[in-house]
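Working notes, structure below.
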C-alpha cells in the first residue's frame with residue numbers, strides 16, 4: 399500500500415515536472431543537458447524531467463524603448479532629442495543566445511545614428527528633418543538587429559529641444575519676423591489705398607476740369623453771340639455794357655452762393671466799373687478763343 403502511494407507521488411511529481419503551459423504571445427527556450435533543444439510555442443508542452451530545462455521566457459509582444467539623446471548640431475547648439483523605438487522578437491533563440499542585452503544594443507545604435515545625423519545639420523534644418531532622422535535610425539536598427547532575432551517595428555523622433563536660452567532667442571526671432579511681415583503687408587495695403595485714391599482724385603479732377611471747360615465755353619459762346627448780335631444790329635455800346643454788367647452781377651451772385659470767401663473787393667467808382675467792363679469784354683473774347691482751342695486739342699475719350 400505504501401509502495402503504491404509512493405509510486406503515485408513520484409508519478410505526480412514527474413507529471414508536474416514534465417507538463418507546462420506557454421501563454422499566448424510568449425515562447426520558452428528549452429535546453430537539454432545544457433544545450434539548446436527547442437522553442438516551446440503557446441499551449442500545453444512536455445519536457446523530460448531532470449533533462450530538459452526552461453532557461454528563458456521570451457516576450458513576443460511589441461516592446462517600446464524610450465530614449466533621450468543629448469548631442470550638438472552643426473552650428474554648435476546643444477539639443478536633447480526624445481527617441482522612441484518599437485521592436486519585437488522575430489527569432490526567440492537568436493534573441494536569447496546572440497544578444498545579452500538588446501535594450502543596451504538598441505540604445506547604442508540610436509545614440510550613434512542621432513549624433514551622426516545632427517552633427518551635419520544646423521538647428522533650423524534639424525527641426526525640419528525629424529522624420530528623415532527617424533527613418534535613418536529605423537533603417538540602421540533594422541539592418542543591425544535583424545541578425546540578432548529582433549524586428550524594428552517603428553522609430554519616432556518626437557521632438558528636438560534646444561537649450562532654453564536658445565529656444566527663447568528663436569521665439570524672439572520668429573516674433574520679429576512675423577511683425578516685419580505684418581508691417582510690410584500693412585504698408586503694401588496702405589500704398590495700394592493711396593495709389594487708388596490718387597488715381598480716383600486725378601480722374602475726378604480731369605472730369606471736373608472737362609466739365610468746367612465745357613460750361614465756360616458754352617457761357618462765353620453765348621455772351622459773345624449776344625454781344626455780336628447787338629453790335630450787328632447797330633445797338634450802342636450802352637446796351638452792350640448793360641449786358642456785360644448783368645452777366646457780371648450774375649457771376650458775383652454765384653460766387654456769393656458757392657464760394658467760401660467771406661470778403662470780395664470790388665471797384666466802387668464809375669471809372670472803375672467802366673474799366674471792369676472793358677476788361678470783362680476783352681476777357682470774354684479771349685476766353686472764347688482759348689476755350690475753342692482747348693476743345694479742339696483735347697483727345698477724345
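In our numbering, the protein residues as written are 399 to 699. Using N, Cα and C, we set each Cβ at its ideal position, and we do this for glycine too.
Subject >> Same chain only: Cβ atoms within 7 Å of residue 723, ignoring 5 sequence neighbours per side >> reply: Since the displayed the chain opens at 399 and closes at 699, residue 723 lies outside it and no answer follows.
Original post:
Would a check of beta-carbon distances place residue 491 closer than 8 Å to chain C?
Top reply: No chain C is present in this structure, which holds just one protein chain.
Original post:
Counting Cβ pairs closer than 8 Å, one from the region 452-465 and one from the region 515-528, do we hit at least three?
Top reply: For the pair of segments examined, the region 452-465 was found not to touch the region 515-528: the number of CB pairs separated by less than 8 Å stays below three.
Subject >> Assigned exposure category for residue 411 - 16 Cβ within 10 Å defines buried >> reply: Classification of residue 411: exposed, given that the 10 Å Cβ count is below 16.
Subject >> Neighbour-count burial assignment, residue 524, 16 or more Cβ in a 10 Å radius >> reply: Under this definition residue 524 is a buried residue.
Original post:
Excluding five sequence neighbours on each side, which residues of the same chain lie with their C-beta closer than 7 Å to the C-beta of residue 415?
Top reply: Listed in chain order, the non-local C-beta contacts of residue 415 below 7 Å within the same chain comprise 447, local neighbours out to five positions each way being set aside.
Subject >> Proximal residues to residue 487 (C-beta, below 8 Å), its chain only, five neighbours per side dropped >> reply: Result list for residue 487: 425, 456, 457, 458, 493, 547, 548, 549, in chain order.
**OP:** Check whether the region 551-561 touches the region 469-479, taking contact to mean three or more Cβ pairs, one atom from each stretch, closer than 8 Å.
**Re:** Segments in contact, yes.
Original post:
Does the beta-carbon of residue 511 have 16 or more other beta-carbons within 10 angstroms, so that it is buried, or is it exposed?
Top reply: So residue 511 counts as buried.
Subject >> Beta-bridge pairing of residue 450 - partner residues as DSSP gives them >> reply: Answer is 430, bridged to residue 450.
Subject >> Delimiting residues of the alpha helix (DSSP H) encompassing residue 492 >> reply: From DSSP, the alpha helix (DSSP H) with residue 492 extends over 490-495.
Subject >> C-alpha distance - residue 666 paired with residue 601, whole-angstrom precision >> reply: Here the model assigns residue 666 a pLDDT of 48, short of 50, so the residue's position is not dependable, and the following value carries that caveat. So the two alpha carbons sit approximately 42 Å from each other.
Original post:
Does the beta-carbon distance from residue 508 to residue 528 come in below 8 Å?
Top reply: Residue 528 sits away from residue 508, with the two beta carbons spaced by 8 Å or more.
Original post:
Tell me which same chain residues have a C-beta within less than 7 Å of the C-beta of residue 701, skipping the five on either side of it?
Top reply: No information on residue 701 is available, as it lies outside the stretch 399 to 699 that the chain covers here.
**OP:** Identify whether residue 421 lies in helix, strand or coil by the three-state DSSP scheme.
**Re:** Correct three-state label for residue 421: coil.
Original post:
Excluding sequence positions up to five away, which residues of its chain have a Cβ less than 8 Å from the Cβ of residue 431?
Top reply: The answer, listed in chain order, is 449.
Subject >> Expected contact under 8 Å - CB spacing of residue 485 and residue 543 to nearest Å >> reply: About 7 Å separates the two Cβ atoms, so the contact holds.
Subject >> For residue 412, three-class secondary structure by DSSP >> reply: Note: residue 412 maps to helix in three-state DSSP.
**OP:** Check residue 500 in the structure and name its three-state DSSP category.
**Re:** Helix at residue 500.
Original post:
Which partner residues does residue 517 have in the DSSP bridge list?
Top reply: None, per the DSSP bridge assignment.
**OP:** Output yes or no for whether 8 Å exceeds the beta carbon distance between residue 553 and residue 532.
**Re:** Yes.
Subject >> Cβ-based burial, residue 668 [other Cβ within 10 Å; buried from 16] >> reply: Confidence at residue 668 is low in this model, with a pLDDT of 47, below 50, so its placement is unreliable and the value that follows should be read with caution. Taking a 10 Å sphere around the C-beta of residue 668, we find fewer than 16 other C-beta atoms and assign the residue as exposed.
Original post:
Going by C-alpha distance, which of 472, 433, 451 is nearest residue 418?
Top reply: Selected option, being the one with the closest Cα: 451.
Original post:
So, are the CB atoms of residue 454 and residue 440 less than 8 Å apart?
Top reply: Result no, Cβ atoms of residue 454 and residue 440 do not sit closer than 8 Å.
**OP:** Closer than 6 Å by C-beta to residue 470: which residues in its own chain qualify, once you throw out the five before and the five after it? Chain order, please.
**Re:** Excluding its 5 nearest sequence neighbours in each direction, residue 470 has C-beta neighbours in its own chain below 6 Å: 476, listed in chain order.
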